[in-house]
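Structure record follows, encoded as structure tokens.
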Amino acid sequence: MNTGNPAQAAPGPGHPPTSHSSTSPDSAPAPLKPRWMIAPVFWAGLGVVCLLAQAWVFARWAADGNFHAYPSGGYEMPRALKISTMTLEVVVAVAIIAAAVLLWWLSRKAGHVTLYTALFAGYMLCFWTNPYSGAVHHAAGHNRYSLNVVSWGSYLPGWHGPLPQIESFVLNASYPVSLIWAVIGVAVAERLRRWRPSWSRARVATLTALIIFFVDIPLETAYMRPGGWAYPRALPYLTLFEDSWYRIPLTSPFTMVVFVTMPVVLMYLYAKPGNEVWLLEGSLQLPQRVRTPIRLLAGIGFINLSMMAFQWFMVLASLVSYPAGLPSWIDRPHT
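In the UniProt record's numbering, the protein residues as written are 1 to 335.
Structure below.
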């Protein structure tokens, strides 16, 4: 797969030619002017809007004195889950730092920001959308023993969820972890294309989506069981482990397929030969000084829009679900 460095492939549309038929200065064509009307510039503009929006939300939230942990106590929690929560926090923090270092190194090696680096930047800066999933009903249980702050949900436009609520580190740190789903999805699609080169891209995409749907369930369970998060609502006949606090409504793997995995897989499958995926296509022909910010901001804009769609789909799902109850340590505070 060539999602990182299209310069290694044959030049495609929008790429400057690598050789000319004549070495005479008089016959050399004029340098190509950078094309600014390209997808990465649009997505970078959206990325700027998203950064400004979250700065506006967090500035008002902090100015009202909310940048602190919710008062402790008022819940019961097994000692084993306290230990697993602290362990999960450390593991996730180390994994995120390691991923950031690895992606930075890969980008340095490639000579530009790679696709996965741009997407990772987006996932690091999309957690501000998290309360939107509970804009109507309480839709995500946060671990009260985890590092947490008072929720900024009431500062989001259009949010009318129940209060009080918290935002925990272990849940919001799961956004950059979500990149794993996209990486697995692309790897599956690559394997299917090698295994069945005669298959159409649509067929490969369909089978990839089905595989990721079932892969999500053990991955999500592995993050939830140590205390990552919980779903306080269940869907009739469409919820796994319905009577347990770690229940999984089947809307969850569906959203991970539709809003996290498949957008990246489809970009990969439908990329033009020799070109980057459309999210970044043409950005390497922009002036050097703007390439890095444009590529990073494009990833930020794309992921923020994807996650906003993710959250509002969860809102719709909450309208057809019913309260299923949670232990006090992972339920929202009621005082």
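All residues carry an ideal CB built from backbone N, CA and C; glycine is no exception.
Query, Result
"Helix, strand or coil at Ile211 [DSSP, three-state]", "helix"
"Ala324 in three-state terms, based on DSSP", "coil"
"Counted within 10 angstroms of its Cβ, other Cβ atoms place Thr87 as buried (16 or more) or exposed", "exposed"
"Given 8 Å, three or more beta-carbon pairs between the stretch 65 to 85 and the stretch 133 to 140", "no"
"Residue burial classification, Ile330 (beta-carbon count within 10 angstroms, cutoff 16)", "buried"
"For Ser318, three-class secondary structure by DSSP", "helix"
"Spatial neighbours of Gln311 in its chain, beta-carbon cut-off 6 Å, leaving aside the 5 residues before and after", "Thr129, Tyr132 and Ser133"
"Where Thr114 sits in the DSSP three-state scheme", "coil"
"DSSP-derived helix/strand/coil call for Glu76", "coil"
"C-alpha gap between Ile184 and Ile212, whole angstroms", "8 Å"
"Nearest residue (CA-CA) to Trp36, options Arg108, Arg295 and Asn148", "Arg295"
"Which of helix, strand or coil DSSP assigns to Arg233", "strand"
"Simplified DSSP state of Asn172, which is helix, strand or coil", "helix"
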